[in-house]
Structures are given as C-alpha cells and as structure tokens.
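One line per chain: the protein sequences are X and L, in this order. For the first sequence, my numbering assigns the number 3 to the initial residue and increments by one for each residue that follows. For the second sequence, my numbering assigns the number 107 to the initial residue and increments by one for each residue that follows. Backbone N, C-alpha and C fix where the C-beta goes; we use that ideal spot for every residue, glycine too. Note that this is a predicted model, so its numbers are computed, not measured. In what follows, a single structure is set out as structure tokens and then discussed.
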Amino acid sequence: MPGLLEGIRVLDLGDWVAGSYCGRLLADYGADVIKVEQPGGSTTRREGPYAGDDPNIDKSALFLHLNANKRGITLDFMTESGAAIARDLASRCDIVIEDYAPGVLAEHGLDWARLSEGRDDLVMVSITPFGQTGPWRHYRGSEITLQAMGGPMHSNGSQEREPAKSGGYVAHYHAGISAAFGAMLARYRIESGGAGDHIDLAIYETQAGFRDRRTPSTLAAAYTGFASKRQGSSQSVARGVRIASDGYVNLLGHSPRYWPAFLTLIGRDDLNDHPQSQLPPPQMSQDFVDEIEASYQVYLIERTKRQAVIETQAIGVLGGAIYTTEDLLTDPHYRGRGVWDEIDHPVAGKAEYAGRQLILSESPREPVSPAPLLGASNEAIYENDLGLPHSEVERLQDEGVI
Amino acid sequence: MTTPRISPESQHRLPLEGIRIAAVTVVWAGPHVTQLLAEWGAEVIRVEPMNRVQPYSRLSLQRQSLEVQQIQAQAGVTYSLTPDLDPGPDPWNRGAAFNAHARNKKAITADITSPEGRETFLKLIEVSDVMIENNVPITIEKAGITYEEIRKRNPQIIMLRMPAFGLSGPYKNFRGFGTHVEGMIGHHLLRSYEDLSPEHTGDAFTADAIAGVLGAFAVTSALRYRDRTGKGQQIEMPLAEAFLPILGEWILDYTLNGRISASQGNRHRSRSPHGAYPCAGDDQWIAIDVGTNKEFTALTGLLEAAALASDDRFSSNESRHEHRHELDTALGEYTRSWDKFELFHALQAARVIAGPVMSELDALASPQLEAREWFNELTQQGVGTHKHPGILFKMDDTPNRLRTPPPLLGEHNEEIYLDLLGYTRETYEALIAKGLVGTTYPPEVLESAP
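Below, the structure written as structure tokens:
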C-alpha cells in the first residue's frame with residue numbers, strides 16, 4: 003500500500019521548531035523530505051536535552067525528534083554557489099518549507115517569486131513570527147513572546163502570579179502542523195487541476211486563532227467588552243485540580259447529568275436533596291461548596307490518582323490524572339496501543355520516541371528512520387540525485403558551502 | 107484519477123471547494139477541525155439533535171442567564187458569553203464558544219440515535235466526501251454509524267474519528283475535555299509553575315487546538331490519497347496521541363536519560379531572563395526572552411539597569427540561568443513603571459525579543475492584525491455584527507475571508523433535507539411533527555436541559 007503522502011518531495015529549509023516539525027509530519031506520512039542544514043548544523047542541534055547529557059550535535063533530543071524520517075544534507079545557501087544548488091533542489095521538489103525572517107531568502111534568490119518562476123506546481127511555506135507584511139513584520143519573536151502576544155497566555159495560571167506559558171514549544175509545533183495543513187491544501191489543489199501558492203504563516207496569527215480558549219474568548223470580548231482572566235484551578239465546585247494520595251487529578255465533578263452519582267461516590271448522597279444542590283455552581287453558597295469540597299478531598303486522599311479517575315469515569319465524570327513523563331511512559335493504555343516508536347540512532351542510541359498520531363486504515367505509517375547525522379546524505383543527493391561530479395562536491399566542501 | 111475539480115480559469119479557487127463534510131462533532135476539538143476545513147472551501151454540514159441539548163456544544167442553558175453571565179464576565183470566564191450578556195430568546199445561537207468555530211458551516215437537526223435520524227445521516231453520507239466525529243466511541247457504535255457501517259453506503263468515504271484516548275485500550279471510553287487529556291499526557295504538569303503545585307494552573311484546551319490543525323491536515327491528505335487511489339479510509343486520531351509529539355523532547359529526556367520532567371512554568375532550558383514581567387497598570391505584563399550577552403546588555407541599557415549589568419551573577423548566560431529567580435525579581439522592578447506596548451517597541455528596536463502579554467481586547471486593537479485584515483466582520487441574524495477571529499494563515503494568490511455567519515439551529519434544514527437529500531415535503535413535515543427537525547428546542551427539552 004502506498005503511503006498517505008507518497009510521491010511528494012519536500013525541501014525542508016526549516017532551521018527552528020515550526021519549520022522542522024512541518025517537515026517531520028510530512029515525512030512521517032510518506033513524503034520524501036530533504037532536510038537542509040547550514041554546514042555548522044541546525045540551531046535545534048544546539049539545544050538540550052542531550053542523550054546522556056552530552057552536548058554533542060548528533061545527540062540533541064530536540065533535533066532527533068524533529069528530524070526523524072528525513073534525509074539530511076548540509077548547504078550554505080547564503081553563498082552564491084550554495085543558493086544555485088538550493089534552487090536546483092527546489093526545482094525538483096513539490097513543497098519548500100522555510101522559516102527565515104522576511105526578506106532573507108529573497109536576498110539569495112530563494113524566495114517565492116524566484117522559485118516559482120516558470121512553474122505553477124510549487125508550494126512554498128514561509129513561517130515567521132509576524133508574517134511577511136504589516137508594521138511588526140521585522141520584529142523578533144520566540145515561543146514565549148508569541149504565546150504572550152497571540153495566544154491564551156494571559157489567561158494561563160493564577161491571578162496571584164504572572165501569566166504562565168504553555169509547555170515546551172507548543173506554539174511552534176502548532177504552527178508547524180498548521181503549515182503542513184496549508185501545504186497539503188495547496189498540493190491537493192495542484193493535483194485537482196489548480197495552481198500552487200505561497201503560504202504566509204505568522205505564528206502570532208496561528209496563536210490568535212488558537213482554539214485553546216483564545217478564539218472563543220476573543221469573540222466573547224467582541225460580544226461583551228470583557229476579557230478573560232486567569233482562573234487557577236478552583237473556579238467551581240469539584241472542578242479542577244485536587245490532590246490524591248500519589249499526585250493530582252483534574253476532574254469535572256459537577257455536571258447536572260452525574261451530580262447525584264458524584265455526591266453518592268464521595269459519600270454525600272445526603273446532599274442530593276439539599277436546595278443548594280440544584281443550583282448552577284456559580285450560584286451555590288460558599289458554605290455549601292466548602293462542605294462538598296471537604297468530603298471530596300477525603301475521598302481523593304484515600305485513593306491513587308488512577309484509581310480516582312477509573313472510579314469517576316465509571317459514573318460518567320469527565321476528567322483525568324495529572325501525569326508525569328514517567329506515568330506517561332509506563333502507562334499500559336498508551337503502551338498497549340503501540341504509540342511509542344523505537345528508533346535506533348547510530349550516535350544517540352536506541353530509545354522510544356513520540357510520533358504516531360494517526361492510525362490510517364488504508365495507508366498505514368511506515369517504521370520510522372532516525373534523524374540524519376550532519377550531512378549524512380550529501381553524497382547521495384549531490385552526486386546521485388543532482389549529478390554533480392565528485393570533484394565539484396569536494397570543491398564545495400573545501401569552500402565550506404557543504 | 108477523478109475529473110479535475112479545479113478549472114484552468116480559476117486555478118486559485120479555495121482548495122476544498124466541492125468537498126462535502128458531514129459532521130457529528132461536539133464541544134471543542136471536532137468542531138475546530140471542521141472550522142478549519144470550511145475556511146478553505148469545504149461545505150461542512152453540522153448534524154445536531156433538537157430533541158435534547160448537548161451540554162458544552164451549543165452550551166448548557168442555565169449557565170447563560172443574564173445573572174450567571176454577569177458573574178462569569180466579572181470572574182473572567184468569558185468563552186461562553188453571549189452579546190451584551192443577553193441570552194435572548196435563543197441562547198443556543200448566541201454563545202461565543204459555539205459561534206467562534208461555526209462560521210462558514212451549515213447546520214441541520216437530526217438525532218443520529220433515532221432510526222429516522224440515522225437514515226438521514228446515512229443519506230447524507232452517500233453524498234459526502236468526509237465524515238468527522240469526536241464523540242465517546244461507544245456513542246458512535248450504539249448509533250450504528252461506525253466506518254464499517256457508513257462505508258456500505260459510500261465506499262469512498264473518509265472518516266475521521268477523534269476519541270479522547272483511542273478506539274481501543276482500557277481508556278477507550280474515558281470521557282474528558284482537552285484539559286483532562288492534557289493531564290493524562292503530562293502537559294498540565296509541565297506547564298505548571300516551577301514552584302507551585304498544579305492546583306494553581308487552571309484548565310487549558312491546548313490539546314483541542316493541536317487536534318484541530320492535525321485533523322485538518324489528515325483529512326486534506328486523505329482526500330488527495332482518495333483521488334489518487336480511489337480509496338477512502340478511516341483515520342483514528344485520539345486527542346491524547348495527537349498531542350504526544352508536541353512533548354517529543356521531554357519524552358526523549360525520559361527515554362534517553364531517565365529524567366522525569368519537572369514543572370517548567372516560564373522557565374527555559376538555557377535562556378534567561380525568560381518570563382513575564384510586570385508593567386504599569388492592573389495585571390499588565392511583558393514577556394522577555396534573552397539568550398546572549400549582547401541581548402542582555404541591550405536590555406539593561408534600555409531599562410537603565412546598571413546594577414543588573416554589573417552584577418557578577420548575571421554576567422554570562424549560564425550564570426544568569428543559575429540565578430534566574432533573583433534576576434526575574436530584580437528585572438521586574440525595572441519593567442514595572444513601563445507601559446507594556448512602549449517597552450515592547452523600545453526593546454524590539456534594540457533587537458531584544460519581547461512581547462506584551464495581550465488580552466483578547468488587546469488582540470481586537472492590534473495594529474498588526476489590523477494591517478493584515480485578520481479579523482473579519484460577520485452579521486448573524488438576531489445576534490448582530492461583530493469582528494470574528496480570522497484564518498490561521500494566508501495564501502498569497504488565494505484571497506480568503508470568512509464567508510457566512512454561524513448557522514442558527516436547524517438553519518439549513520430545508521436546503522439539505524429537500525434539495526440535497528431529496529426528501530419529499532410530506533416526509534419532511536412528518537419529521538417536524540415528530541420533533542426531530544426544527545429550528546428551536548421544544549419547551550419540554552428546554553425544561554429538562556442541563
């Protein structure tokens with residue numbers, strides 16, 4: 003069976019997380035992705051954590067994760083001869099991904115106008131903090147500043163404290179997936195008889211359009227003039243994070259559908275007939291809420307977080323436990339579903355990776371190959387694919403272009 | 107290959123024009139996938155019951171009284187509010203959480219758990235390209251609309267299923283919102299404050315946002331695959347598993363190094379200062395992200411913070427990171443008197459990465475979003491004209507904007523039942539008489555609604 007994205011060739015010029023993850027996603031589902039790094043290696047190689055805490059450019063977990071399933075070459079496309087090779091590579095590809103500041107690639111003849119000359123079947127994705135246009139287009143942005151400006155960060159955390167960002171590089175990953183969606187939209191149109199296009203993706207805007215409360219709250223602000231506020235976790239009766247015997251759970255204890263069953267579960271069926279019990283949570287009295295919370299806490303502290311989740315799920319309560327990475331990697335549900343990819347990397351060694359998100363009935367994902375060592379496919383791509391003579395490749399190496 | 111859908115005269119039509127999607131989606135993530143596909147041209151037909159109210163989809167009714175909305179608005183729990191906090195006679199058509207995703211869609215009423223509704227739905231499947239659902243798996247099984255069932259009516263159908271935890275395994279029928287799923291994969295703990303328990307970190311629906319774009323990517327890719335091979339398929343995309351790769355490097359730190367990730371808050375692995383710092387005004391903040399001596403010198407120069415610039419503890423990136431808590435506290439004293447936007451522009455001019463923490467009201471006034479015409483106005487009958495959040499990315503040669511307002515309950519019943527599915531007027535009227543089709547919830551449904 004062919005892969006979902008079989009037949010698509012991708013040139014991945016992405017240096018940072020969003021561009022690289024866009025390429026990884028396309029590679030995972032069957033595209034042939036060539037990762038182009040500057041001769042010194044991608045910026046993601048210089049960030050930890052590292053395998054064995056050894057800061058070796060072939061052991062960066064971030065790079066290993068973002069670039070599995072790709073072929074890798076080095077190329078300084080900021081040089082004249084390097085840019086010419088990059089144009090040659092792009093001419094053989096269907097999708098080009100890049101994440102440089104607006105105007106940088108144009109200086110080297112690698113922008114949309116130049117790469118799409120004479121062909122209407124190219125898709126190019128440009129990922130920037132603020133987009134290719136607008137007064138802030140030359141401003142710098144990073145994970146935390148883009149979450150702060152575009153996303154729901156101002157409503158994350160506690161009102162007693164500063165706003166807290168979402169974990170890791172979530173805004174960049176989200177932008178990378180959005181970019182892959184855009185690339186496939188344009189590619190699908192080409193295969194349906196239409197033309198390619200240049201996708202101008204601003205992470206600031208993917209954050210502004212982030213469904214994690216941001217778009218509903220933005221529309222609500224347009225409706226009412228009210229902005230959202232940080233909620234901590236005790237916003238409503240039996241709703242939010244509470245401590246159990248071995249960690250924390252986050253349950254939606256109150257819903258009219260299962261409220262009587264919930265009160266029974268925590269040993270308070272006596273409250274079912276209480277007049278306060280029928281009210282929506284924002285209208286319950288503090289005394290009544292306190293009484294329920296006290297009984298709920300006694301219930302939780304006698305149980306592990308998983309026990310509490312399994313028991314409450316059984317009566318229909320929405321919720322989950324607050325897992326650590328160890329809880330996650332040892333959990334029988336995920337393990338039983340085969341979600342972890344075991345990848346053996348020649349330098350970093352063998353380890354389980356996250357990767358599989360989709361189970362496809364007709365075009366299942368192939369086993370994953372490890373991220374490339376720096377310049378691993380130079381010979382294969384420059385000499386076999388592009389047909390450069392060996393002496394030319396050596397000359398480019400001497401000049402530091404490769 | 108099928109016949110080209112795009113003619114040479116209109117090579118820049120929206121990529122999904124001509125694609126029809128039948129959706130039985132609830133709450134947050136499923137409707138987000140169909141939102142994104144509708145934005146790029148797909149005809150999305152949302153199928154909802156009117157003989158019961160789905161809580162959190164068109165929203166529970168008691169939460170939307172004027173009195174409750176005033177409490178919620180003051181408390182800053184805003185995402186379910188209605189215009190001017192007025193629930194109006196039809197609050198189910200007026201809530202922000204629903205209307206923020208429902209633009210560009212069509213809505214019909216049918217109860218897929220009734221024999222009539224199931225048949226309507228299967229007729230719709232016959233003329234659709236894609237079906238999308240994000241219910242608890244058992245709901246779809248009970249309704250008899252699994253992939254095995256619907257492909258009997260349309261062998262080329264693509265079905266996207268978005269359970270919380272999967273179509274198999276011990277958590278198969280676990281119920282949860284995105285925020286609960288995030289707990290079960292480690293994101294809640296990761297994003298909690300470094301020095302406080304996760305109780306101080308409220309709900310976030312990050313997993314829904316991720317599942318939205320990933321589902322849209324998957325469906326678009328599967329459409330291409332179908333056109334190349336003639337084969338539809340089922341795509342299983344659990345919310346939990348969609349999010350796991352977002353935590354890729356944290357997961358590898360455990361599998362490679364045995365390290366259990368601690369709560370990070372605004373901490374960065376190597377950069378400092380890296381956080382949100384107070385500015386002038388109530389609850390005003392600026393995010394600052396510094397990773398080099400050059401940036402730190404520019405920052406302290408602009409803030410006239412000579413004491414920080416000359417402090418040995420803050421003389422290198424490693425040392426700043428080691429003493430980041432002292433640095434964060436000290437830096438806050440310098441940012442405190444600044445307007446967050448003035449400091450933002452001044453720091454950017456000095457090439458320091460910084461950005462104000464922007465509320466939704468700030469977003470509505472953003473000059474960058476304004477210049478890029480990101481917000482689009484839509485007028486909805488009985489709700490009014492408002493700015494709606496825009497489309498995630500632009501295509502240079504394919505101008506795109508929001509087309510139609512969020513549909514009222516059952517707004518497209520006649521069009522879909524009579525024109526598309528070919529129901530006779532008589533059969534259609536019979537479904538109305540049975541209370542299965544209509545444009546408002548019957549009084550007895552409203553009375554028993556949550």
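Just to make sure I have the definition right: I need the residues of chain X whose C-beta is within less than 8 Å of the C-beta of residue i. Which are they?
{"i": "valine 559 of chain L", "result": "Nothing about residue 559 of chain L can be reported from this structure: the residues present for chain L run from 107 to 556 only."}
{"i": "leucine 205 of chain L", "result": "Note on residue identity: the sequence assigns asparagine, not leucine, to residue 205 of chain L. Under the 8 Å cutoff, chain X gives Leu221."}
{"i": "isoleucine 578 of chain L", "result": "Because chain L in this structure spans residues 107 to 556, residue 578 of chain L falls outside the shown range and cannot be described."}
Is residue i close to chain X, meaning its C-beta is less than 7 Å from at least one C-beta of that chain?
{"i": "phenylalanine 499 of chain L", "result": "yes"}
{"i": "serine 234 of chain L", "result": "no"}
{"i": "glutamine 454 of chain L", "result": "yes"}
{"i": "threonine 403 of chain L", "result": "no"}
{"i": "proline 495 of chain L", "result": "yes"}
{"i": "lysine 337 of chain L", "result": "yes"}
{"i": "serine 425 of chain L", "result": "no"}
{"i": "glutamate 553 of chain L", "result": "no"}
Does the distance from the CB of residue i to the CB of residue j come in under 7 Å?
{"i": "threonine 215 of chain L", "j": "glycine 516 of chain L", "result": "yes"}
{"i": "phenylalanine 311 of chain L", "j": "methionine 186 of chain X", "result": "no"}
{"i": "threonine 434 of chain X", "j": "tyrosine 360 of chain L", "result": "Outside the modelled stretch of chain X, which goes from 3 to 404, sits residue 434 of chain X, for which no answer is possible."}
{"i": "isoleucine 341 of chain L", "j": "leucine 362 of chain X", "result": "yes"}
{"i": "proline 258 of chain X", "j": "valine 174 of chain L", "result": "no"}
{"i": "leucine 408 of chain L", "j": "alanine 456 of chain L", "result": "yes"}
{"i": "lysine 278 of chain L", "j": "glycine 272 of chain L", "result": "yes"}
{"i": "threonine 147 of chain X", "j": "glycine 377 of chain X", "result": "no"}
{"i": "serine 19 of chain X", "j": "histidine 176 of chain X", "result": "Here residue 19 of chain X is valine; the residue named in the question, serine, does not match the sequence. No; because the gap between Cβ atoms is not below 7 Å, this pair is not in contact."}
{"i": "asparagine 260 of chain L", "j": "glutamate 239 of chain L", "result": "no"}
Mind pulling the chain X residues with CB within less than 7 Å of residue i?
{"i": "tyrosine 638 of chain L", "result": "Outside the modelled stretch of chain L, which goes from 107 to 556, sits residue 638 of chain L, for which no answer is possible."}
{"i": "tyrosine 360 of chain L", "result": "Thr327, Glu328, Leu331"}
{"i": "tyrosine 277 of chain L", "result": "His335"}
{"i": "glutamine 370 of chain L", "result": "Gly169"}
{"i": "glycine 194 of chain L", "result": "What glycine 194 of chain L touches in chain X: nothing, since even the nearest Cβ is about 12 Å away."}
{"i": "glutamine 178 of chain L", "result": "Pro284"}
Below 8 Å on C-beta distance, what does residue i contact in chain L?
{"i": "methionine 186 of chain X", "result": "Phe323, Thr326, Ser327, Arg330"}
{"i": "alanine 323 of chain X", "result": "Gly289, Met290"}
{"i": "aspartate 199 of chain X", "result": "His118, Met501, Asp502, Asp503, Thr504"}
From the beta carbon of residue i, is the nearest beta carbon of chain L less than 7 Å away?
{"i": "arginine 339 of chain X", "result": "yes"}
{"i": "glutamine 209 of chain X", "result": "no"}
{"i": "asparagine 252 of chain X", "result": "yes"}
{"i": "isoleucine 179 of chain X", "result": "yes"}
{"i": "serine 247 of chain X", "result": "no"}
{"i": "proline 374 of chain X", "result": "no"}
{"i": "phenylalanine 290 of chain X", "result": "no"}
{"i": "alanine 150 of chain X", "result": "yes"}
Closer than 9 Å by beta-carbon distance: list the chain X residues that pair up with residue i, in chain order.
{"i": "leucine 191 of chain L", "result": "Tyr225, Thr226, Phe228"}
{"i": "arginine 224 of chain L", "result": "Here the premise fails: no neighbours, minimum Cβ distance about 22 Å."}
Kindly list, in the order they appear in chain L, the residues whose Cβ is closer than 7 Å to that of residue i.
{"i": "glutamate 193 of chain X", "result": "Arg330, Asp333"}
{"i": "isoleucine 361 of chain X", "result": "Glu342"}
Which residues of chain L have a Cβ atom closer than 9 Å to the Cβ of residue i, listed in chain order?
{"i": "threonine 76 of chain X", "result": "Per Cβ cutoff of 9 Å: no residues; threonine 76 of chain X is ~22 Å from chain L at best."}
{"i": "tryptophan 114 of chain X", "result": "Asp502"}
{"i": "glycine 318 of chain X", "result": "Arg281"}
{"i": "leucine 27 of chain X", "result": "Leu320, Phe323, Pro351"}
Check whether the stretch 324-334 of chain L and the stretch 262-271 of chain L are in contact - that is, three or more C-beta pairs closer than 8 Å. yes
Alpha helix (DSSP H) segments (min. 4 residues) lying fully within the stretch 270-353 of chain L: 284-289, 293-296, 312-335, 345-349
Which runs of the alpha helix (DSSP H) fall wholly inside the stretch 178-256 of chain L and span at least 4 residues, in chain order? 202-208, 221-232, 243-249
List, from N- to C-terminal side, the beta strand (DSSP E) runs of 3 residues or more that fit wholly inside the stretch 46-81 of chain X. 73-76
Cβ contact check for the stretch 254-261 of chain X and the stretch 319-331 of chain X: 3 or more pairs under 8 Å: yes
Pairing CB atoms from the stretch 59-72 of chain X with CB atoms from the stretch 21-32 of chain X, are three or more of them under 8 Å? yes
Is it true that the stretch 89-97 of chain X meets the stretch 123-135 of chain L, where meeting means three or more beta-carbon pairs spaced less than 8 Å apart? no
Counting pairs of Cβ atoms below 8 Å between the stretch 132-140 of chain X and the stretch 379-390 of chain L, do you hit three or more? no
Kindly provide the ranges of any beta strand (DSSP E) runs that are 3 or more residues long and lie completely inside the stretch 303-338 of chain X, ordered along the chain. 320-324
Spell out a yes or no on whether the stretch 177-192 of chain X and the stretch 102-116 of chain X are touching, meaning 3 or more CB-CB pairs, one atom from each, closer than 8 Å. no
Stretch pair the stretch 115-129 of chain X + the stretch 460-476 of chain L: three plus CB contacts closer than 8 Å: no
My parser needs the beta strand (DSSP E) runs of 3 or more residues fully inside the stretch 208-248 of chain X; what are they? 241-246
Within 8 Å, do at least three Cβ pairs link the stretch 141-159 of chain L to the stretch 542-551 of chain L? yes
Quick one: complete beta strand (DSSP E) runs, 3+ long, within the stretch 163-208 of chain X? 199-204
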